[in-house]
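Notes follow once the structure below has been shown.
Number of protein chains: 2
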Amino acid sequence: MLRKNYLMAPGPTPVPIDILLEGAKDTIHHRTPQYLAIQKKAAEGTQYLFQTSQPVFMLSSSGTGAMEAAVANIAGNGDKVLSINAGKFGERWGDLCRVYGTDLTEIKLEWGTYVRPEQIKEFLDNNPDTKAVFTTLSETSTGTVHPIKEIADIVKNTNAVLVVDCISGILAEPIKMDEWGVDVIVTGVQKGFMMPPGIALLSFSEKAMELVKECKNPRYYFDIRKYAKGHPDSPFTPAINLVYQLTKAVEMLQAETIEGLWERHRILGDATRAAVKAMGLEIFAEKPGNVLTSIKVPENVDGKKIISFLRDEWGVTFAGGQDHLKGKIIRIAHLGYMSKFDVIVGISALEMGLKKFGYDIEMGVGVKAAEEVFNKEGV
Amino acid sequence: MLRKNYLMAPGPTPVPIDILLEGAKDTIHHRTPQYLAIQKKAAEGTQYLFQTSQPVFMLSSSGTGAMEAAVANIAGNGDKVLSINAGKFGERWGDLCRVYGTDLTEIKLEWGTYVRPEQIKEFLDNNPDTKAVFTTLSETSTGTVHPIKEIADIVKNTNAVLVVDCISGILAEPIKMDEWGVDVIVTGVQKGFMMPPGIALLSFSEKAMELVKECKNPRYYFDIRKYAKGHPDSPFTPAINLVYQLTKAVEMLQAETIEGLWERHRILGDATRAAVKAMGLEIFAEKPGNVLTSIKVPENVDGKKIISFLRDEWGVTFAGGQDHLKGKIIRIAHLGYMSKFDVIVGISALEMGLKKFGYDIEMGVGVKAAEEVFNKEGV
């Protein structure tokens, strides 16, 4: 059977052909008014998508580069910081904070669970000299969403800044940087932004920019003062053709509106969750979000083999579990350039795949549940 | 809801990105050894796909251009010909034969039915001076397949040549030009060849080439003698970038093998038919083929509105009926660059669409039936 590719991993996500084609345009010089106008348009669009009036900086890096930039510009030797570790990417905040010599406390949670805002409040009440709280909007390794709005309500009344890894979460999950009082948002473009990887985005509140100015960490490429100085111009050579693509992506996303993006992802998430439950499967995340749905692999099914099989034989790329969850969960993303029919394809592949791997399931039950959600939503 | 495009009409069909990108290559001059090597490769590949050792000629035209070329080079003033008219495209053979002043007999059949080989035998027995029989492999307007092998068995023992419109049929339905003794095959590339429109292909047996040489019809652009003379070079400017794409398409199709292509389309057809029956719908064609499945629109459903709605709102392009079948049938193609998940999308769209337009249907029943066919086939 002919195999087409269905990219249903939580990044990279499918790239629309209109965005791909932007990357095929003539590479012009970046120190020109022609180029700067393009980059300015992208930068302004990202402000809307971050829901902020603060500048959004572009790094030529993966999302991890932006995470490092956040730490490197805010907290260093002996600075007291708190990080929330409930998965692979929460863990990364801790790794970065250790590299920069901070006085780190980690709230370590079982993977799949979410942090209770009270846990953060208690720490900050007891440690008023805390400089920063590092957390995650959507923990990509588990599919759980942390309650950022409630956390922001606590942190904004303290001296600490709130730094949120929104790499997979932004656009799929609501976040309003200015209104909620989030101090730093970092993301990468190969997720909700519907882009090939290569650009990271991040923005700092005025409160966070004060820390940036004071921060003594050694940093050069990731020195946010350099990016702030000439913004929206880049201190170093930007990824020119990726910026063309970002300008197009931002235009398409703005046309859908931020509320429209949240709503579309909510419906795709609802349909996937309904399908998964109808198939008799259990959702892994304690508080599942609209970026991806993580499913416990049923007993007797080989979780690693089914993922490889679906990808290699049928072209459907789901993600498996990471670290101790390898083989134990399947992660189905519904993120970025996704329509309701992508969910139908993903669920259909899962139905047929699970059956092939020995799971007792009636064909069509998952698709039926998803279709009923789409009918109910009138989409 | 974000709308992606799913092209499930019987032409044009979806074009793989690898073929699209060939069209973006530098346009070189056509009177060069570099270009000729490309065109030669395409021409040789099409011979395999036609299952012939005769040259396959390329016209810069739609499929109708190749139909006209077949008539214009074979039968003219007063020549006795027979044509089979069981739909829009069988009708076109008659129109062309009348334009060229032939002595035409049409076997007019109800749309949706197929010609019985005995009908042709009887005519040829009574009219041994018949020069040509014009018929259709897959009648695109109805989804019915005519029994070409059986017809060829009859015609090859007469003085007549057998001309078959394989525009939508080739690659999806078995046809073996040399082995079956089909004299002329015509097709266009925007169907099973997975190409954008713009090139038509046709080939003539030695028996048919004798008629081409004798034929007195006025013709210039479609004069097959000109194409035969320098083959695989073109007498007129070829559609250079489309030929790049055709070379790539032929390479991809050859890799799948002709038997693989027939088998894939057979499975996609089986799954669609099973789904449609499970949905309580009636197939329109008397002998449905693997190019498309035509469905009678259920009572109380507006056949025109549902087609427009699915296309405009959900991005799923089916074809409606033509002429007196307008609003009465829905044609779902499973032709060309199509995987099993395209069928799933099409059936899912039909389930949800029919429900929206008032048809009483349980969600998932069609998808279930299609999935069961794919499971049974082990694809």
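Top line first, the protein sequences correspond to chains A and B. Note that numbering that gives the first Met the number 0 gives residue 376 to position 377 of the first sequence, counting from 1, and the numbers run on in steps of one. Note that numbering that gives the first Met the number 0 gives residue 30 to position 31 of the second sequence, counting from 1, and the numbers run on in steps of one. Virtual Cβ for every residue (Gly too), placed ideally from N, Cα, C. Since the model is a prediction, treat every value here as computed from it, not as a measurement.
Does DSSP classify A:G64 as helix, strand or coil? Here residue 64 of chain A corresponds to residue number 65 of the first sequence, with the count starting at 1. Residue state, collapsed to three classes: helix.
Name the chain A residues that come within less than 7 Å of B:G363, Cβ to Cβ? The residue you call residue 363 of chain B lines up with position 364 of the second sequence. Those within 7 Å of B:G363 in chain A are G363, V364, V366, K367, E370.
Pick from A:K276, A:A227, A:Y113 that is closest to A:A369, judged by C-alpha positions: Here residue 369 of chain A refers to the residue found at position 370 when the first sequence is read from its first residue. Comparing Cα-Cα distances from A:A369 to each of A:K276, A:A227, A:Y113, the minimum goes to A:K276.
Chain A partners of B:Y5, CB-CB under 8 Å? The residue labelled residue 5 of chain B in the question sits at position 6 within the second sequence. Residues of chain A passing the Cβ test: F340.
At a cut of 8 Å, does the segment 31-43 of chain B reach the segment 84-103 of chain B through at least three beta carbon pairs? Short answer: they don't touch.
Flag this pair as yes or no: are the beta carbons of A:N72 and A:I106 separated by less than 8 Å? What you label residue 72 of chain A is simply residue 73 of the first sequence in a count that begins at 1. What you label residue 106 of chain A is simply residue 107 of the first sequence in a count that begins at 1. The answer is no: Cβ separation not under 8 Å.
Based on Cα-Cα distance, which residue from A:A151, A:W110, A:G357, A:K87 lies nearest to A:E298? For this step, residue 298 of chain A is matched to residue 299 along the first sequence. If we check each option's Cα against that of A:E298, A:G357 comes out closest.
Whole angstroms are fine: how far does the CA of A:V70 sit from the CA of A:A131? Along the first sequence, read from residue 1 onward, the residue named residue 131 of chain A stands at position 132. Along the first sequence, read from residue 1 onward, the residue named residue 70 of chain A stands at position 71. Distance between the alpha carbons of A:A131 and A:V70 is about 9 Å.
Cβ of A:K155 within 8 Å of any chain B Cβ: What you label residue 155 of chain A is simply residue 156 of the first sequence in a count that begins at 1. Taking a beta-carbon distance threshold of 8 Å, A:K155 does not count as an interface residue toward chain B.
Using the beta-carbon count (16 or more within 10 Å), is B:R224 buried or exposed? Looking up residue 224 of chain B in the second sequence gives position 225. Exposed, because fewer than 16 other Cβ atoms sit within 10 Å of the Cβ of B:R224.
Taking Cβ positions, are A:L309 and A:V300 nearer each other than 8 Å? The residue given as residue 309 of chain A occupies position 310 in the first sequence. The residue given as residue 300 of chain A occupies position 301 in the first sequence. The Cβ atoms of A:L309 and A:V300 lie no closer than 8 Å to each other.
Nearest-angstrom Cβ-Cβ length linking B:Q189 and B:T12, presumed shorter than 8 Å: The sequence position of residue 189 of chain B within the second sequence is 190, counting from 1. The sequence position of residue 12 of chain B within the second sequence is 13, counting from 1. With 8 Å as the limit, B:Q189 and B:T12 qualify as a contact, their Cβ atoms being about 7 Å apart.
Quick one: which residues of the segment 248-281 of chain A get their C-beta closer than 8 Å to a C-beta of chain B? List them in chain order. Cβ contacts with chain B: E255, R263, I266.
By the criterion of Cβ-Cβ separation under 8 Å, what are the contact partners of B:R2 in chain A? The sequence position of residue 2 of chain B within the second sequence is 3, counting from 1. Neighbours of B:R2 on chain A, chain order: S338.
Which residues in chain A have a C-beta closer than 7 Å to the C-beta of B:S167? List them in chain order. For the purposes of this step, residue 167 of chain B is taken as residue 168 along the second sequence, with counting starting at 1. The contacting residues do not exist; B:S167 stays about 18 Å from chain A at best.
Test item: CB-CB of A:A199 and A:A65 under 8 Å: Stepping through the first sequence from its first residue, residue 199 of chain A is reached at position 200. Stepping through the first sequence from its first residue, residue 65 of chain A is reached at position 66. When the beta-carbon positions are compared, A:A199 and A:A65 come within less than 8 Å of each other.
When B:E121, B:H264, B:K367, B:A318 are compared against B:S293, the one with the closest alpha-carbon: For the purposes of this step, residue 293 of chain B is taken as the residue at position 294 of the second sequence. The candidate whose alpha carbon is nearest that of B:S293 is B:A318.
Can you pull the chain A residues whose beta carbon is under 8 Å from the beta carbon of B:N383, in chain order? Because chain B in this structure spans residues 0 to 378, residue 383 of chain B falls outside the shown range and cannot be described.
9 Å Cβ cut-off: residues of chain A touching B:K354: As a first step, residue 354 of chain B is located in the second sequence; it is residue number 355 there, counting from the start. Near B:K354 (Cβ distances below 9 Å), the residues of chain A are E370, N374.
Is the distance from the Cβ of B:P173 to the Cβ of B:P146 below 8 Å? The count along the second sequence starts at 1 and reaches residue 173 of chain B at position 174. The count along the second sequence starts at 1 and reaches residue 146 of chain B at position 147. Contact annotation: B:P173 and B:P146 have beta-carbon atoms that are not nearer than 8 Å.
State the start and end residues of the unbroken alpha helix (DSSP H) segment that holds B:K87. As a working note, residue 87 of chain B is residue 88 in the second sequence. Its alpha helix (DSSP H) spans residues 87-98.
In the DSSP assignment, what residue or residues form a beta bridge with A:Y5? As a position in the first sequence, residue 5 of chain A is number 6, starting the count at 1. Its beta-bridge partners are A:V315.
Once DSSP output is grouped into helix, strand and coil, what is the label at A:D301? For this step, residue 301 of chain A is matched to residue 302 along the first sequence. Reduced to three states, the DSSP call for A:D301 is coil.
For A:G75, is the classification buried or exposed, using 16 other Cβ atoms within 10 angstroms of its Cβ as the cut-off for buried? The count along the first sequence starts at 1 and reaches residue 75 of chain A at position 76. With 16 or more neighbouring CB atoms inside 10 Å of its own CB, A:G75 falls in the buried class.
Tell me whether A:K339 is buried or exposed, calling it buried when 16 or more other Cβ atoms sit within 10 Å of its Cβ. Mapped onto the first sequence, residue 339 of chain A falls at position 340. A:K339 counts as buried, since at least 16 other C-beta atoms from the protein chains shown sit within 10 angstroms of its C-beta.
Below 7 Å CB to CB, which residues in the same chain sit around B:T45 once its five sequence neighbours on both sides are set aside? Position 46 of the second sequence, counting from 1, holds the residue named residue 45 of chain B. If the five residues before and after B:T45 are omitted, its C-beta is found closer than 7 Å to the C-beta atoms of V55, L200, V249, all from its own chain and listed in chain order.
Quick check: is the beta carbon of A:I18 nearer than 8 Å to any beta carbon in chain B? Walking along the first sequence from the start, residue 18 of chain A turns up at place 19. So no, A:I18 is outside the interface.
Does any residue of chain B have a CB that is nearer than 8 Å to the CB of A:M351? Here residue 351 of chain A is taken as the residue at index 352 of the first sequence, counted from 1. Yes, A:M351 lies at the interface with chain B (some Cβ there is under 8 Å from its Cβ).
Checking 8 Å against the spacing of the C-beta atoms, do A:P9 and A:L245 come in under that value? Reading the first sequence from its first residue, position 10 is the one you call residue 9 of chain A. Reading the first sequence from its first residue, position 246 is the one you call residue 245 of chain A. Not closer than 8 Å, so no.
Whole angstroms is fine: what's the gap from B:F283's alpha carbon to B:K325's? Working through the second sequence from its first residue, we reach residue 283 of chain B at position 284. Working through the second sequence from its first residue, we reach residue 325 of chain B at position 326. So the alpha carbons of these two residues sit roughly 13 Å apart.
One or two residues paired with B:E138 in a DSSP bridge: Taking the second sequence and counting its residues from 1, one reaches residue 138 of chain B at position 139. In DSSP, B:E138 forms a bridge with B:T143.
Distance between beta carbons of A:I27 and A:V242, contact taken as under 8 Å: For the purposes of this step, residue 242 of chain A is taken as the residue at position 243 of the first sequence. For the purposes of this step, residue 27 of chain A is taken as the residue at position 28 of the first sequence. 11 Å between Cβ atoms; not a contact.
Could you give the distance in angstroms between the alpha-carbon of A:A207 and the alpha-carbon of A:L81? The residue you call residue 207 of chain A lines up with position 208 of the first sequence. The residue you call residue 81 of chain A lines up with position 82 of the first sequence. In this structure, the straight-line span from the alpha carbon of A:A207 to that of A:L81 is close to 15 Å.
Just to confirm before moving on: does the CB-CB distance between A:E285 and A:Y113 stay below 8 Å? Along the first sequence, one-based indexing puts residue 285 of chain A at 286. Along the first sequence, one-based indexing puts residue 113 of chain A at 114. Remark: C-beta atoms of A:E285 and A:Y113 approach each other more closely than 8 Å.
If you compare alpha carbons, which of B:L267, B:G335, B:A68 is closest to B:E371? As a first step, residue 371 of chain B is located in the second sequence; it is residue number 372 there, counting from the start. The residue with the shortest Cα to Cα distance from B:E371 is B:L267.
Could you tell me which residues DSSP puts in a beta bridge with B:V80? As a position in the second sequence, residue 80 of chain B is number 81, starting the count at 1. For B:V80, which the question treats as bridged, DSSP gives the partners B:L103, B:A131.
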